[in-house]
Amino acid sequence: MSGFYRADAARLAALVQPDRVHRDVYIDEEVFDLEMERLWARSWLYVGHASQVPAAGDYLTTTLAGQPVFLMRQPGGELGVFFNRCAHKGAQLLLDERGNAGKLLRCPYHAWNYKLDGSLLSLPLKNDYEGSGVWESPAGKGLAKPGGVREYRGLVFARLSPDGPAFEDYFAGVLEILDLIADRSPSGELEVVGPPLRSEMSCNWKMYLENVNDSVHPISTHESAAHAAKTVGDGLSGAEQEMAMEQLLPFGAGYSFYTKMGARVTAHGHSIHGTKFSLHSGYAAIPGYQDMLREAHGEARAHEVLSFSPQNTVLYPSLALKASPALLRVLQPLAAGRTRLEVWALAPRGAPEALRRQAVNYTRLVFSPTSIVAHDDIRLFESVQRSLHAGGNEWISLHRGYRGEAEPALPHEVEDGNDELLMRNQFRAWRDALAQPAPEVV
Ligand code: FES
Ligand SMILES: [Fe+2]
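Residue numbers (numbering that gives the first Met the number 0): 0 to 441.
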């Protein structure tokens, strides 16, 4: 039924009610296309980390809203993001995940050459194009670029569309979280550690981001993980065992723990979950680390940085991050019922080695598809995705904590960490973005 939602703004808006959402937000392919065009194209999306491309010509490839792009370090040191599409007939210029392009980019198909800034440098049989009009056409203009690129504390974001909120406005209220994570390093710099853990899930991307804000699920979903933690621990010894226990045992926390945890929601769907404390607050102090940060950032800032460990921060719609252990979860929607997830560990440069181990260990223990935690969630996301096709009830409840009130002015402090207001706030941003016509992309 093509055009069912595209042609009817009221019908599309009615998918999101104050206390519930319609199943089509998760299962309808036309709605998926609309959210890529209207929400993802206009949002600042996570591309990669500056530490992954330190030298001129270094690149990494990825997708933004399904569109292939690459991040490349320029000869002058700045960062560029380009669509990974040859201007001639569209071949992908870079096929590897990462590498160094040298001094120029050569298309493997017909050998058009580009400078690292994307401009067309040379091509075979140039004289044959005389009078053809190719230089005035998009083919003659070199590589196309997304509408905007911004690096913030090493994290690189791009907006596909030239139109949309400015970076600082878009992330108002959550950029300070990136500052706090970066300031966990004495030099203020983070670096990515190793390759990511990847999972492909047969579920909608929004299900994952809602779950990041769902503190009512661990006690039941991860019940077996808390039990299995003991067995995992028995198979380890020394510092490794201590770290595994420290990271896994809190999964047994009860409802009241999360109720008191607190949260904050901001415009554009972002959230900070665990503003007062979180599952990560009880980690043992690392010897010498506090003094190191005090010396680098001063007493007050060191205290601020070390006393802050929210459970999750969502930079809607593409990124969720943890401060300590430092890690990123990046979402790549593939279809209404298919999502790729990448989990990247981060290490604060110049900080004790234990922090690097903490982040790597956590990603393996909790987010590896073979861990005792991640598959608990993925199995349930996939069951929800299948069961939404069942008859009898077309709605998904977001009622917890809702008392019929109007949407709060943003940013807004959420008293109860279990309040589904965090999810309602994501859908508020979703609904507002989909109410606008698609922006021009490039
Ligand atoms: S498609 Fe790239 S040179 Fe032809
Ligand atoms: Fe979970």
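The C-beta atom is built at its ideal place from N, Cα and C for all residues, glycine as well. Note that the structure is predicted; figures quoted are calculated from it, not measured.
Could you check whether the Cβ of residue 202 sits closer than 8 Å to any heavy atom belonging to ligand 1? If you number the sequence shown from 1, residue 202 lands on position 203. No, ligand 1 has no heavy atom inside 8 Å of this Cβ.
Along the chain, where does the beta strand (DSSP E) that runs through residue 180 open and close? Taking the sequence shown and counting its residues from 1, one reaches residue 180 at position 181. That residue, residue 180, is in no beta strand (DSSP E); its alpha helix (DSSP H) goes 174-181.
Given a cut-off of 9 Å on the beta-carbon distance, is the pair residue 259 and residue 416 in contact? Taking the sequence shown and counting its residues from 1, one reaches residue 259 at position 260. Taking the sequence shown and counting its residues from 1, one reaches residue 416 at position 417. Result yes, Cβ atoms of residue 259 and residue 416 sit closer than 9 Å.
Span of the alpha helix (DSSP H) around residue 131: Looking up residue 131 in the sequence shown gives position 132. No alpha helix (DSSP H) holds residue 131; DSSP gives it neither H nor E.
Assigned exposure category for residue 124 - 16 Cβ within 10 Å defines buried: By one-based count along the sequence shown, residue 124 stands at place 125. Around the Cβ of residue 124, a 10 Å sphere holds fewer than 16 other Cβ atoms; the residue is exposed.
Quick check on the DSSP output: the beta strand (DSSP E) that includes residue 58 runs from which residue to which? By one-based count along the sequence shown, residue 58 stands at place 59. Element bounds for residue 58: 57-63.
Cβ of residue 192 within 9 Å of Cβ of residue 78? Along the sequence shown, one-based indexing puts residue 192 at 193. Along the sequence shown, one-based indexing puts residue 78 at 79. Contact: no.
Does the structure place the region 206-216 close enough to the region 418-431 that three or more beta carbon pairs sit under 8 Å? yes
First and last residue of the uninterrupted alpha helix (DSSP H) at residue 321: Walking along the sequence shown from the start, residue 321 turns up at place 322. Run containing residue 321: none in the alpha helix (DSSP H); it sits in the beta strand (DSSP E), 318-321.
Which stretch, first to last residue, makes up the beta strand (DSSP E) that contains residue 271? Taking the first residue of the sequence shown as position 1, residue 271 is located at position 272. 270-272 is the extent of the beta strand (DSSP E) around residue 271.
Close beta carbons around residue 23, own chain, < 7 Å, minus the five adjacent residues each side: Reading the sequence shown from its first residue, position 24 is the one you call residue 23. These residues qualify, in order along the chain: 14, 30.
Can you tell which of 140, 397, 359, 66 has the C-alpha that lies nearest to the C-alpha of residue 325? In the sequence shown, the residue the question calls residue 325 occupies position 326. Ranking 140, 397, 359, 66 by Cα distance to residue 325 puts 359 first.
Report whether the distance from the Cβ of residue 375 to the nearest heavy atom of ligand 2 is below 8 Å. The count along the sequence shown starts at 1 and reaches residue 375 at position 376. For ligand 2, at least one heavy atom lies less than 8 Å from the Cβ of residue 375.
Out of 401, 427, 394, which one is the CA nearest neighbour of residue 409? Your numbering for residue 409 matches position 410 in the sequence shown. Measuring from the Cα of residue 409, the nearest candidate turns out to be 427.
By the three-class DSSP mapping on this structure, what secondary structure does residue 471 have? Examination of residue 471 is not possible in this model, given that the chain is present from 0 through 441 alone.
Tell whether a beta-carbon distance below 9 Å holds between residue 371 and residue 223. The residue labelled residue 371 in the question sits at position 372 within the sequence shown. The residue labelled residue 223 in the question sits at position 224 within the sequence shown. Contact check for residue 371 against residue 223 passes: the beta carbons are separated by less than 9 Å.
Among 176, 207, 307, whose alpha-carbon lies nearest the alpha-carbon of residue 384? As a first step, residue 384 must be located in the sequence shown, where it is residue number 385. When each option's Cα is compared against that of residue 384, the closest is 207.
May I have the straight-line CA-CA distance separating residue 198 from residue 132, to the nearest angstrom? Numbered from its first residue, the sequence shown carries residue 198 at position 199. Numbered from its first residue, the sequence shown carries residue 132 at position 133. Straight-line Cα distance between these residues: approximately 45 Å.
Collect the residues with a C-beta less than 5 Å away from any heavy atom of ligand 1 and give them in sequence order along the chain. Going along the chain, the residues that qualify are 85, 87, 88, 90, 106, 108, 109, 111.
Neighbourhood of residue 182 by C-beta distance below 7 Å, restricted to the same chain and skipping five residues each side: On the sequence shown, position 183 is the one that residue 182 refers to. Excluding sequence neighbours, residue 182 sits near 296, 300, 304.
Tell me, which residues are paired with residue 149 by DSSP? Working through the sequence shown from its first residue, we reach residue 149 at position 150. DSSP, once it has assigned bridges, lists 156 as partnering residue 149.
Would you check whether ligand 2 has a heavy atom nearer than 8 Å to the C-beta of residue 221? Residue mapping note: residue 221 aligns to position 222 of the sequence shown, counting from 1. Residue 221 Cβ: within cutoff of ligand 2.
Could you give the residue range of the alpha helix (DSSP H) that holds residue 232? The sequence position of residue 232 within the sequence shown is 233, counting from 1. Boundaries of the alpha helix (DSSP H) harbouring residue 232: 222-233, taken from the DSSP string.
Residues bridged to residue 81 (per DSSP): Here residue 81 is taken as the residue at index 82 of the sequence shown, counted from 1. Partner(s): 69.
Tell me which residues share the same chain as residue 397 and place their Cβ nearer than 8 Å to its Cβ, disregarding the 5 neighbours each side in the sequence. Position 398 of the sequence shown, counted from the first residue, corresponds to residue 397. Cβ neighbours of residue 397 beyond the five flanking positions: 18, 19, 20, 419, 422, 423, 426.
8 Å contact criterion, which residue 279 and residue 310 should meet: CB distance rounded: Position 280 of the sequence shown, counted from the start, is the residue given in the question as residue 279. Position 311 of the sequence shown, counted from the start, is the residue given in the question as residue 310. That pair is a contact at about 7 Å.
Helix or strand or just coil, what does DSSP make of residue 429? What you label residue 429 is simply residue 430 of the sequence shown in a count that begins at 1. Assigned with DSSP and collapsed to three states, residue 429 falls in helix.
C-alpha distance - residue 441 paired with residue 102, whole-angstrom precision: Position 442 of the sequence shown, counted from the first residue, corresponds to residue 441. Position 103 of the sequence shown, counted from the first residue, corresponds to residue 102. Residue placement at residue 441 cannot be trusted, given a pLDDT of 47 that sits under 50; what the coordinates show is reported in the next sentence. Computed Cα separation, rounded: 26 Å.
Segment contact flag, the region 134-143 with the region 157-169, C-beta cutoff 8 Å, min 3 pairs: no
Residue 373, buried or exposed, once every other Cβ within 10 Å from all chains shown has been counted against 16: Locating residue 373 in the sequence shown gives position 374, where the first residue counts as 1. So residue 373 ends up on the buried side.
CB-CB under 6 Å to residue 82, same chain, minus the five flanking residues each way: which ones, in chain order? Counting from one through the sequence shown, the residue named residue 82 turns up at place 83. Excluding residues within five positions, the ones whose Cβ falls inside 6 Å are 68, 143.
For residue 311, which beta-bridge partners are listed by DSSP? Residue mapping note: residue 311 aligns to position 312 of the sequence shown, counting from 1. DSSP lists 272 as partners of residue 311.
Confirm, please, whether the CB-CB distance from residue 345 to residue 129 is below 9 Å. Sequence index remark: in the sequence shown, residue 129 carries index 130 (1-based). Sequence index remark: in the sequence shown, residue 345 carries index 346 (1-based). Not closer than 9 Å, so no.
Please state whether the Cβ-Cβ distance between residue 319 and residue 172 is less than 9 Å. Your numbering for residue 319 matches position 320 in the sequence shown. Your numbering for residue 172 matches position 173 in the sequence shown. Result no, Cβ atoms of residue 319 and residue 172 do not sit closer than 9 Å.
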